[in-house]
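Encoded as structure tokens, the structure appears first; notes follow it.
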Amino acid sequence: MTSTTTPPTTSPSRTGGLAQRLLGTKVADVLAGPHDVDHYLELLRPDWAVRRIRGEIVAVEHQNDDSLTITLRPTGTWPGFQAGQHVEISVDVDGVRHRRSYSPSASAHPRTRTIELTIRRHPEGVVSRYLKEHARVGMFVGLSVPQGEDFVLPDPRPRRVVLISGGSGITPVLSMLRTLTDEGHRGEITFLHYARSPQDLLYAEELERIAAEHPNVALLPVYTRQDATSGDPRSELTGRFGPEHLRRALPVDEDAAAFVCGPGALVEAVRNLWAEQELETPLRFEHFAPPVLPDLDPDQLGDVTFAGSDVTTAADGSTLLEQAEAAGLSPRSGCRMGICLTCKCTLNSGVVRDTLSGEIGGVPGEEIRICVSAPVGDVSIDL
Amino acid sequence: MSTPTATPPATAFDDDDFKAVPKSDRPLSPKAPDRESRPAGHSRATASTDVAVAEPGSDTSRTPGPLHAVPHMSQDMLDAFGREMEAIRKKHMDDRGERDATYIRSIIKAQRRLEIGGRALLEFAWVPPFWVAGVAALSASKILDNMEIGHNVMHGQYDWMQDEELNGRTFEWDTACPADQWRHSHNYMHHTHTNIVGKDRDIGYGILRMSEDQPWEPYYLGNLGYVSALALLFEYGVAVHDLETEGIRAGDWSLKERLPMLRAIWDKVKGQAAKDYVLFPLLAGPGAPATLSANVTANIIRNLWTFSIIFCGHFPDGVEEFTEEETAEETRGGWYVRQLLGSANLTGGKLFHIMSGNLSFQIEHHLFPDVPAHRYAEISVDVKEACERYGLDYHAGPLPYQLFTVFRKIARLSVPTDAELQAYLDAPRGNRVVKAAAGAARTATVGAKGAAGVASSGARGAVGAVTGVVGGLRRTVTA
């Protein structure tokens, strides 16, 4: 439960300078061909990259039993991010590469060269559990470019900024708060955060420090567990989000921007009240909800969508390949018995039954052999 | 083990302590239905194509099976064998995990080290020891890249790892053949139609006569010459393989249609040549000729090695070929038996298997092309055991001997038997040029026959010596 480390202000990932620039040339590409330069750099200098983005863990901090904050030093290929965006990190667990999105919580100010991620362990989360147990300084993880164009601070900055979050939804709005204070923002910033109890409040000391240093920042922690309300002297508000909380957070509905990130119920409550009161201030929101896998009967037939061709047809129990052909498409295929992989296609959503083994499986983004895959329930593939 | 067992495998199940595979009643293939009755619940569109379903109560194990090579295998036995193979496959597919990832990543690491080390050494290739060490490292890197990594990754053996660098659909390898064309000619054409003459284009690669079922013509007198050239330039042979250039001779080949493929090959070859024959030598400055010669040598060593391993997979003595007729109604079980009989293994040590990309376990590879190849050694124990129970041949031998039988076959097939020659001369021919060539061929064959005879007896002697040495070595090792 300590405060976070100050990010280094230099850019140590850039020390490669000329060497890295040479490695990014076309000649280097041909020399490394048909693989890419990063293929070899990963062995020689994992902290260098010319195309891929990797991050080295430079600090690990266990906020509490469930949450962990890691600081990453990205390769020079990291383009920087805007406060509120998220990034996909990839780690190998049991031989399988898993990818998860997290929102950096540190300031997006250009002088910050590190990426700080706070990860909350989910009981069934492969990646969060792995990182909570195995994250060590010196370890490398894969990174994507920052994603999300909507949930970011508008330019120019509005006078008033309202940041509402719940639980681990604190990370993107904390990044906004830190970015604004780093920029020397003079307008009012309200930080309305919902946690179960003071013990569950992430970044408690950091928030306190920011509030103390910046008189324009109003910190409003709310504890949702009944017995915990009296634990924190700053806790003026109680209960769930409602008109009273809104009045404190946004006293004047003018020249403002509002952001909400957290569990579905909180986001829903905020959006409803916003609509009810017909507020002028634009509200941007982001859900933090794990995907729910529907319980499906293996023989259940739904609709099959061939997303690339914009065709939807009712499933008839045959394989996706047969269905695609019946629908008039001509997908690439070869052996039609699951061995040559010619027909492999990305599964957008839904699950499929392997007609050879009878097993049900498939996660969005996975490539499946459509000649031996029959849809279970509604399925969409990229064909 | 070529004697068919008298007992049908059903009895063998009961007597053995072998854990019987539960008789599943789902079809073994989406296309070719198993002969077991299908469940009513799954409305398969293929139901109407279900042929030759046994009359209830008839003893199908007595009727000869569809494959001429194994007449003792009834359709039921083929399917029972297929189910056992499916069980082996499932066991290993379900077990994939950290172990496989660690293995392939360690091979990749080794390949990267060898590549970097080899390239660095060869910048000083004018120093003879560096030339030798660099060639060794670079050929080893290319062999690992092409076989244990490239070939196996492109079969999708590591797709489950979800690593974009190990994705079978996008992987590109360090050889002249564009990976996309390989995926078609190899993963589909060869692995689906293995050893079916007329369908499997790996039989002779469209330039050689590798089977008695290919009608003889004078062109094939050059068989030994063609194969030697193919071995040296194997990467280019593989590169043009998917173009189906044999169609040029038959006249059903359109340059316009093949243009995109040619362009892809040209782009790939250009990049490979620029790297190995221009840029790396230029970087060596005045040592360029030495570096160039070293790179050429490394590529040739890789070519000879991959050619040897691949040709020993399907062409040594004893390996069966099949006709389109006998496989027309093939079930998944029949497919498994064909893969088994159409492939041959190479025996050797652990390093040998790694350097051959575990294609030394060609049988297991053809049975389970998408199971991580480093598992083939342990899988082979189960496969061999099943083969014994079903009275199926399991071909394996050391590389030098197997290669010898391949070359002996190529030499033998270059000259026609009297009947083949007669058949050739009797066949209706379109133009006089061919007729004239046929006449010339008749005289040439007599000479060639003699030459081939001398060559093969000489080779036989050499192989005898080699086998003796190998045997001696093995005895020394075991002692």
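Residue numbers (the UniProt record's numbering), protein chains in the order written: chain A, 1 to 383; chain B, 1 to 479. Heads up, the beta-carbon is just placed ideally off N, CA and C, and yes, glycines get one too.
Can you check DSSP and say which residues form a bridge with residue i?
i: lysine 344/A; result: Arg369/A
i: histidine 314/B; result: Looking at the DSSP assignment, histidine 314/B forms no beta bridge with any residue, so it has no partner.
i: histidine 287/A; result: Gly262/A
i: tyrosine 223/A; result: Ala195/A, Thr238/A
i: glycine 142/A; result: Arg54/A, Ser90/A
i: alanine 218/A; result: Thr190/A
i: arginine 178/A; result: DSSP lists no partner for arginine 178/A.
i: proline 104/A; result: Leu117/A
i: asparagine 195/B; result: In DSSP, asparagine 195/B forms no bridge with anything.
i: threonine 313/A; result: Val304/A
i: aspartate 382/B; result: Note: aspartate 382/B sits in no beta bridge, so no partner.
i: phenylalanine 322/B; result: Ile196/B
i: asparagine 167/B; result: In DSSP, asparagine 167/B forms no bridge with anything.
i: proline 375/A; result: Val352/A
i: valine 60/A; result: Ile70/A
i: glutamine 147/A; result: His86/A
i: glycine 361/A; result: Val352/A
Check the Cβ of residue i against every Cβ in chain A and list those closer than 8 Å, keeping chain order.
i: glycine 313/B; result: Those within 8 Å of glycine 313/B in chain A number zero; the least Cβ separation is about 16 Å.
i: leucine 341/B; result: Result: empty, since nearest Cβ-Cβ is about 17 Å, beyond 8 Å.
i: histidine 191/B; result: Cys335, Ile339, Cys340
i: leucine 279/B; result: Val27, Val30, Leu31
i: residue 495/B; result: Outside the shown range of chain B (1 to 479) lies residue 495/B, about which nothing can therefore be said.
Report the neighbours of residue i on chain A: residues whose CB is nearer than 7 Å to its CB, in chain order.
i: histidine 241/B; result: The premise fails here: histidine 241/B is roughly 15 Å from chain A at the closest Cβ pair, so nothing lies under 7 Å.
i: glycine 348/B; result: By Cβ distance, chain A contributes nothing, its closest Cβ being about 26 Å from glycine 348/B, past 7 Å.
i: glycine 168/B; result: Leu341
i: alanine 120/B; result: Within 7 Å Cβ-Cβ: nothing; alanine 120/B doesn't reach chain A, min ~11 Å.
i: glutamate 172/B; result: Pro34
i: glycine 156/B; result: Leu341
i: glycine 97/B; result: Asp94, Gly95
Taking the alpha helix (DSSP H) that residue i falls in, what are its first and last residues?
i: asparagine 223/B; result: 223 to 232
i: glutamate 244/A; result: 243 to 249
i: aspartate 271/B; result: Per the sequence presented here, residue 271/B reads as glycine, with aspartate not at that position. Where glycine 271/B is concerned, the enclosing alpha helix (DSSP H) stretches over 255 to 273.
i: tyrosine 277/B; result: Tyrosine 277/B -> no alpha helix (DSSP H), and no H or E assigned at all.
i: threonine 405/B; result: 399 to 414
i: phenylalanine 352/B; result: 350 to 355
i: threonine 417/B; result: From DSSP, threonine 417/B is part of no alpha helix (DSSP H); its letter is neither H nor E.
i: serine 19/A; result: It should be pointed out that residue 19/A corresponds to alanine in this sequence rather than to serine. Alanine 19/A -> alpha helix (DSSP H) spans 17 to 23.
i: methionine 77/B; result: 75 to 94
i: tryptophan 182/B; result: 179 to 182
i: histidine 134/A; result: 126 to 134
Can you check whether the CB of residue j is closer than 8 Å to the CB of residue i?
i: glutamate 116/A; j: threonine 181/A; result: no
i: proline 66/B; j: histidine 191/B; result: no
i: serine 308/B; j: leucine 399/B; result: yes
i: threonine 171/A; j: serine 128/A; result: no
i: leucine 346/B; j: serine 360/B; result: yes
i: aspartate 180/B; j: alanine 101/B; result: no
i: leucine 220/A; j: arginine 186/A; result: no
i: glycine 350/A; j: arginine 369/A; result: no
i: glycine 237/B; j: tyrosine 277/B; result: no
i: methionine 161/B; j: valine 96/A; result: yes
i: glycine 262/A; j: glycine 148/A; result: no
Just to make sure I have the definition right: I need the residues of chain B whose C-beta is within less than 8 Å of the C-beta of residue i. Which are they?
i: tyrosine 40/A; result: Arg112, Glu115, Ile116
i: threonine 342/A; result: Arg183, His184, Asn187, Tyr188
Quick one: is residue i near chain E, going by C-beta distance under 8 Å?
i: glycine 328/A; result: Judged by its chain identifiers, the structure shown contains no chain E, and its protein chains are A and B.
Got a sec, what are the start and stop residues for the beta strand (DSSP E) residue i sits in?
i: threonine 75/A; result: No beta strand (DSSP E) contains threonine 75/A, which DSSP labels as neither H nor E.
i: alanine 165/A; result: The sequence given here has serine at residue 165/A, not alanine. 160 to 166 is the extent of the beta strand (DSSP E) around serine 165/A.
i: threonine 347/B; result: 345 to 347
For residue i, return the contacting residues in chain B, with the cut-off set at a CB-CB distance below 7 Å.
i: serine 357/A; result: Lys90
i: glycine 33/A; result: Gly271, Lys275
i: valine 96/A; result: Trp160, Met161, Gln162
i: valine 141/A; result: Here the premise fails: no neighbours, minimum Cβ distance about 13 Å.
Given 7 Å as the limit, tell me if residue i has its C-beta closer than that to any heavy atom belonging to the ligand PLP.
i: isoleucine 115/A; result: No copy of the ligand PLP occurs in the structure displayed, which carries no ligand at all.
Listing by chain order, which chain A residues have their CB less than 9 Å from the CB of residue i?
i: aspartate 100/B; result: Gly95
Near-chain A residues of the segment 359 to 375 of chain B - C-beta to any C-beta below 8 Å: Pro369, Asp370
Chain A contacts made by the segment 405 to 426 of chain B, where a contact means CB separation under 7 Å: none
Residues within the segment 362 to 382 of chain A neighbouring chain B, beta-carbon criterion of under 7 Å: Glu367, Cys371, Val372
Proximal residues, the segment 78 to 93 of chain A versus chain B, C-beta separation under 8 Å: Asp92
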